[in-house]
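Novice: In this note's numbering, the protein residues as written are 29 to 314.
In structure tokens, the structure reads:
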């Protein structure tokens, strides 16, 4: 049994938050470069080059990749060999320690705080971007996995859940996703990443869509049927011609990822998450 102390987890979360805030993932950079090379519209190429330049400056100067420093999603994946032990004082529990890490990084690195304490009546900023949205799951993989995801409010507003009739076909689902993209992509700073969750439950489909939008673009669904659907959806989205920043071109999406799960025989939940071109993430396994 491996014992990992909470202060060590807090330190790892802080490093991941810094990495995610200032360094665009390599697979996204590669996708932008590939898209730029394939574009035949001058303006689309200019915008994609600006995205590459922005990523370079952000990493070098330690400046946020985007002015919207996002909702902070933090996922903890516990392997079978892990025991989390408390620290001292106020960080003897994991959730407060994670929120301390978020607050300290957003303060020390001058990241914009965007979280309001009450969603309806008193929308007062918490001033430290907490609470983080923390999830925990269990894995057969040894060690403790920590993933940090940052998602801006613009792309978060472009999230949809459909509770469909089980008779809905693959092409009908793709058509629904295309409707979401046509109506919302320009609000999410395209080129976007499309995350599609199919199955589970109403809440489960949303979790699947979140997992899909943050999955690396060079990792495809292992099921050949869903892998083919990812490819078809990717081609269909880019055939809309919306293009970078909605100004036309071949690159409306950098990738389309699908996650699926079993569901009740009377249901077909489908959730769509759009990620902007600055879909920020970092992870480590302790």
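No residue lacks a Cβ here, since even glycine has one placed at the ideal position from N, Cα and C.
(1) Using the beta-carbon count (16 or more within 10 Å), is residue 118 buried or exposed?
(2) Going along the chain, which unbroken runs of the beta strand (DSSP E) with 3 or more residues stay wholly within the region 148-183?
(3) From the DSSP output, which residues share a beta bridge with residue 280?
(4) DSSP three-state label for residue 250, please.
(5) To the nearest angstrom, report how far apart residue 197 and residue 242 are at their CA atoms.
(6) Could you check which residue in 92, 134, 88 and 252 has the C-alpha nearest to that of residue 24?
(7) For the structure I just gave you, are there three or more beta carbon pairs, one from the region 179-196 and one from the region 254-270, closer than 8 Å?
(8) Leaving out five residues before and five after residue 96 in sequence, what residues of the same chain have Cβ atoms less than 8 Å from its Cβ?
(9) Can you list, in chain order, the stretches of the alpha helix (DSSP H) that have 4 or more residues and sit fully within the region 187-220?
(10) For the alpha helix (DSSP H) that residue 21 lies in, which residues bound it at each end?
(11) Look up residue 66 in the DSSP assignment and say whether it is helix, strand or coil.
(12) Does the separation of the CB atoms of residue 75 and residue 272 fall below 8 Å?
(13) Classify residue 300 as helix, strand or coil using the three-state DSSP reduction.
Specialist: If we stick to the structure as given:
(1) Unreliable positioning characterises residue 118 in this predicted model, as indicated by a pLDDT of 48, which lies under 50. A coordinate reading is not provided.
(2) You should have 161-166 and 172-179.
(3) Residue 280 is not bridged to any residue.
(4) Of the three classes helix, strand and coil, the one that applies to residue 250 here is coil, per DSSP.
(5) Looking at the two C-alpha atoms, the distance is approximately 25 Å.
(6) As displayed, the chain neither begins before 29 nor continues past 314, which places residue 24 out of reach and without an answer.
(7) With a cut-off of 8 Å, the region 254-270 and the region 179-196 do not count as touching, because too few Cβ pairs lie within range.
(8) The residues are 140, 142, 180, 181 and 182.
(9) If we require 4 residues or more, the alpha helix (DSSP H) runs fully inside the region 187-220 come out as 198-212.
(10) The structure shown has nothing for residue 21, since the chain only spans 29 to 314.
(11) In this structure, residue 66 counts as helix in the three-state DSSP scheme.
(12) Result yes, Cβ atoms of residue 75 and residue 272 sit closer than 8 Å.
(13) Of the three classes helix, strand and coil, the one that applies to residue 300 here is strand, per DSSP.
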